[in-house]
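Engineer:
Protein chains in written order, with our numbering: chain A, 36 to 397; chain B, 36 to 438; chain C, 51 to 542.
#1: Taking contact to mean 3 or more Cβ pairs, one atom from each stretch, closer than 8 Å, check whether the segment 239-250 of chain C and the segment 262-281 of chain C are in contact.
#2: Does residue 160 of chain B come within less than 8 Å of chain A when only Cβ atoms are used?
#3: What number of angstroms, rounded off, separates the C-alpha of residue 269 of chain C from the C-alpha of residue 256 of chain C?
#4: Exposed or buried, which one is residue 348 of chain B when buried takes at least 16 other CB atoms within 10 Å?
#5: Going along chain C in order, which residues have a C-beta closer than 8 Å to the C-beta of residue 395 of chain A?
#6: Less than 6 Å between C-beta atoms, sequence neighbours within five positions excluded: which residues of the same chain meet that for residue 76 of chain A?
#7: Does the pairing of the segment 76-88 of chain C with the segment 149-157 of chain C give three or more beta-carbon distances under 8 Å?
#8: Can you list the residues of chain A that residue 255 of chain C reaches, using a CB-CB cut of under 7 Å?
#9: How would you list, in chain order, the residues of chain C whose beta-carbon sits under 7 Å from the beta-carbon of residue 302 of chain A?
#10: Taking a cut of 7 Å between CB atoms, which residues from the segment 310-325 of chain A lie near chain C?
#11: Which full runs of the alpha helix (DSSP H) of 4+ residues lie inside the segment 331-392 of chain A, going along the chain?
#12: Measuring CB to CB, does residue 178 of chain A end up less than 8 Å from residue 517 of chain C?
#13: Taking the alpha-carbon of residue 300 of chain A as reference, which of A:195, A:330, A:394, A:367 has the nearest alpha-carbon?
#14: In this structure, how does DSSP classify residue 348 of chain B when only helix, strand and coil are distinguished?
#15: Look at residue 423 of chain B and residue 340 of chain B and say whether their C-beta atoms are less than 8 Å apart.
#16: Comparing alpha-carbon positions, which option in C:501, C:363, C:446 lies nearest residue 456 of chain C?
#17: Once the 5 residues before and after residue 151 of chain A are set aside, which same chain residues still bring their CB inside 7 Å of it?
#18: Whose Cβ in chain A lies nearer than 7 Å to the Cβ of residue 498 of chain C?
#19: Check whether the Cβ of residue 304 of chain B lies closer than 8 Å to any Cβ atom in chain A.
#20: Under the rule that 16 or more other beta-carbon atoms within 10 Å means buried, what is residue 415 of chain B, buried or exposed?
#21: In chain A, which residues lie with their C-beta within 8 Å of the C-beta of residue 289 of chain C?
#22: What is the rounded straight-line gap between the Cα of residue 103 of chain A and the Cα of residue 389 of chain A?
#23: Give the C-beta separation of residue 147 of chain A and residue 162 of chain B to the nearest angstrom, bearing in mind that I take them to be a contact with Cβ-Cβ under 8 Å.
#24: Residues of chain A with CB under 7 Å from residue 494 of chain C, in chain order?
#25: Could you work out which residues of chain C lie near residue 80 of chain A, taking near to mean beta carbons separated by less than 7 Å?
#26: Name, please, each residue of chain A whose Cβ falls closer than 7 Å to the Cβ of residue 505 of chain C.
#27: Give the C-beta separation of residue 392 of chain A and residue 99 of chain A to the nearest angstrom, bearing in mind that I take them to be a contact with Cβ-Cβ under 8 Å.
#28: If you measure from the beta carbon of residue 355 of chain C to each beta carbon in chain A, is any gap under 8 Å?
#29: At a cut of 8 Å, does the segment 313-324 of chain C reach the segment 244-258 of chain C through at least three beta carbon pairs?
#30: Residue 147 of chain C to residue 101 of chain C, Cα distance in whole Å?
#31: Report the three-state DSSP secondary structure of residue 71 of chain C (helix, strand or coil).
#32: Apply the 10 Å Cβ neighbour rule to residue 364 of chain A and answer buried if 16 or more other Cβ atoms are within range, or exposed otherwise.
#33: Just checking my contact of residue 346 of chain B with residue 318 of chain B at CB under 8 Å: how many whole Å lie between their CB atoms?
#34: Per the DSSP calculation, residue 173 of chain C is bridged to which residue(s)?
#35: Just to confirm the assignment: which complete beta strand (DSSP E) runs, minimum length 3, are found wholly within the segment 145-193 of chain B?
#36: Quick one: Cα of residue 333 of chain B to Cα of residue 84 of chain B, how far?
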């Protein structure tokens, strides 16, 4: 696999796309309806908090002078691998979750009656192909498509604007500020995980570029995008209607009282956002592969990437065989407590970086 | 080794590419195999419902006589799904609802709670867009749909949309979409109201004129003086008020205009008011609405202050200008207020919060959110409302004519 | 450095395929060798002219009839030799004292001399000499500098490259009067060793790029006759991508602008095209016309061109996806019209689209092959009459025909011929993807294509630069930037 030729810039763009996609489509709409829809507060807050935490972590990693996988070396091969696994699992889930949402949407709204596996058969090969080429390659793809994805978000919101009604926000904070903050903490899983992927993919020559800005800027941008997306949803739908929806964002244009000709482009928008989801999934899978192969000392990331792709395919196909309740339960647990996964690995790497910095100064 | 890896990679890639083809397609259906339903009508029968579907006929090739128009399919069925199955079995095409423009309910269906049946539809699986409009037809859905299409007009969907848009521009119709209906039904803080349609069999349409002429007759002479000539037999004549999922009342077109004013959806229109034994026609344009709820002790009072720009369209000849200005500043607003109050009383009497005061109550967080809908409906029965109209005389403020 | 040292045979870039050892370069030996080499018994083209100098020394002049300029030989070689005294003179004195041809050099290998004779030069062999003198006497008929056929512009120069390497280098030098402009001579190993020139500006073009090009050219070893098209395929980055990674242009001004931008140009003798390296996708979409128009006009043209390219590639697939899977996205009017137009068409809409696309390609290829005015007429006949007849015979519907035609027009907006062909292939792939999975298939194909392109390089330069990867400072690539540097003061 080729190395990251263009340093962090390409990877950062892929990370930004991933942050936006995970932030907008990761949290399930059903979780918004606890009293009221406060996702437009909790999700951007999660992005900002993750960006700030990431900034502090990146500065620490940079001062350690080692790449992220190397920071886990002092713990020993076995323990280091065990410490890397939570983040790897988190990346795997962040790869699978948006894809799963889109595949459900395609099955329900677009290809009525088609088998899930058929839809997956068109989405997964391209995603895995990108993942196998590496995060910097995904980043270069993201550089080309990010503008189109951003424009489609904006266009969808502009089309839906006549249907916005502020009264739908007036259920306020629902069960209180505490619930909103707790949700923000949970949702930080969807931001912290892809953000740490930037550190994972930073090679030795990229460490100088791993500044606090390289976490803070994507965090702020993702917060803005997520705020715009979730506030549009909140202004368009009453919270009670969100429980049945998989992707309310794609329907907000239909609430508009005066839909013009362009509102027919809803499926085009879904497809463009699917591009973002594929990029996000490929980035997460490539980052997970990079992490695991770095920790295990492998020469090439390709084997790890193929394994991750196989796992992702399994996670997408498996729920079809399991009872729906079990899927919901697993998803709920990961959404609620998943923030611990990247936290464990990040903490271990931070401790190692801190020790390394002290050793250098001594 | 390199070559072997390359061949393997190529094989794997080829397999990946071939996988979609081997799996088969995603069930494509060519567009000419569908019949596109643009309107659905629901009438009640003794048992079940009578469903009417209007399908857009295809337009013929350029250079030949335009066909177009709508093809009507109708049947009796206990449910919407049953109707679809029966009509598809009789028709050479599969029904496609992605172009659906109107859901039309007959009055009896709306009063009887057919909205619940409508809401139980799986809009996703039928691909019905939530922006489709809901209409209640006084005359019956089937008749209304038949009268809202013209065989002489090839594009029926455009015709229907134009009719509704035209009415909306007049300020005398409130458009209701399926999404709004679902929102209200899901516990939104308001009741919805739908356009109320009527059918006039006396109207001589262009098609009837044409067939009369082809038989060598003069359609106007046949009809006689005073007969309505031209246009469509179906039209929208007011608003159907709903309380929950049932229709409980109606408003005339004029009353609907006042409803729109209070809700802030009125853009421009004309009203004719009595003035000293004569009548004055005013052109009105909405400027601003301020509204809310004043929570008092025991009684909730809603208020709405409506500011309109007013220009005199027609006034009695010889009426002094100063008196007209005086009338416009004081008496005209009072008359408008009376009309608005009358409209409110009709809505309250029907148990329908069509004026959306529940939205204001929710904005002001007057009730706990988990029990809002129930609490508000209880409180609405005793709600008082104050209306205040301010008319800005545009004839005075416009600066006169050109030099 | 003397002329002799500059043109010393050991430092010569020509590497003869076979080196002959025939026991010296005496006229007798040379005559025997050359007769055998050129198969003089059957091939009368080789002319061997004995010249006797004023002091009785015999010399042999060898050249090919029709390739060498005999008038030049007569005036500047033969007559001076006949009048001169050359006994005991070293071969370099032939150049400096006796003959009067500007370009001449010494060659010690008779095999190399034979090849140079075959190229149109003339060789002089004298008794006792250890080298022969090769004169630049090429005077064969060649095509005059004409107008660019495939890259015509309204404004701007009209000249185009020819088949002569020397002429092409001259054309470049006329555009760029820069002493640092270097035309490095290379030889490409084909069926016959073919001379080529690597043209660049010394100090501006990256050394690593030049090394890469030299290495790739040196690695060419084929039995095919060398033309620019063959060289392009042999030295390009190995990949199955149909898009070219080398720009082939017939315009000197276009090649010169790339050289000024830091690219290198390879000109192959016998081909009227210059190969520009490296190249990006966006430079393939640039037309020479853009630079000669004002920025707003040039920008509009470029935007239209990109829209045309997108229409070419995506519109048939998009329409097919909507027709087969997403009918709700079409307006009622379009739906009704399409249904009416397809009433009696027997084939499925997907097959109809594919067949029409193939027919369009057939008409295009036929138009290229048939010469002159008849080709234009065929295009019109094929396009109009066949299309009309197909609709009347219910073999095709009007809407699908219009979409295919619009896509074809969009294809012609792409300036580069190879890129046009690549776009038409991707269009077909998008159509097949749309048949299989509607917009999902088109999306997957698009993402795949972008992913492959994002990772593609042309001689080390990313193919989608400057869009991906991004540089902190990048020049406009779709909108045409202003040409900087000129300042005009009114009244000055």
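Just so you know, even glycine gets a beta-carbon here, dropped at the ideal spot from N, CA and C.
Structural biologist: With the structure as the only source:
#1: The answer is yes - the segment 262-281 of chain C touches the segment 239-250 of chain C, with three or more Cβ pairs under 8 Å.
#2: yes
#3: 20 Å
#4: exposed
#5: Chain C residues near residue 395 of chain A: none, gap ~30 Å exceeds 8 Å.
#6: 215
#7: Fewer than three Cβ pairs drawn from the segment 76-88 of chain C and the segment 149-157 of chain C lie within less than 8 Å of each other, which leaves the two stretches out of contact.
#8: Near residue 255 of chain C there are no residues of chain A at all, since even the closest Cβ is about 21 Å away, more than 7 Å.
#9: 376, 379, 489
#10: The segment 310-325 of chain A vs chain C, Cβ under 7 Å: 310, 313.
#11: 337-356, 359-372
#12: yes
#13: Ranking A:195, A:330, A:394, A:367 by Cα distance to residue 300 of chain A puts A:195 first.
#14: strand
#15: yes
#16: C:363
#17: 138, 142, 355
#18: 161, 164
#19: no
#20: buried
#21: Going along chain A, no residue has its Cβ under 8 Å from residue 289 of chain C, so there is no contact; the nearest lies around 13 Å.
#22: 13 Å
#23: 7 Å
#24: 157, 158, 161
#25: Under the 7 Å cutoff, chain C gives no residues; its nearest Cβ is about 30 Å from residue 80 of chain A.
#26: 168, 172, 175
#27: 6 Å
#28: no
#29: yes
#30: 17 Å
#31: In this prediction, residue 71 of chain C has a pLDDT of 43, which is less than 50 and means its spatial position is unreliable; what the coordinates show is noted afterwards. Reduced to three states, the DSSP call for residue 71 of chain C is coil.
#32: exposed
#33: The pair is a contact, with the Cβ atoms about 5 Å apart (cut-off 8 Å).
#34: Per DSSP, C:112, C:184.
#35: Qualifying beta strand (DSSP E) stretches, in chain order: 168-172.
#36: 45 Å
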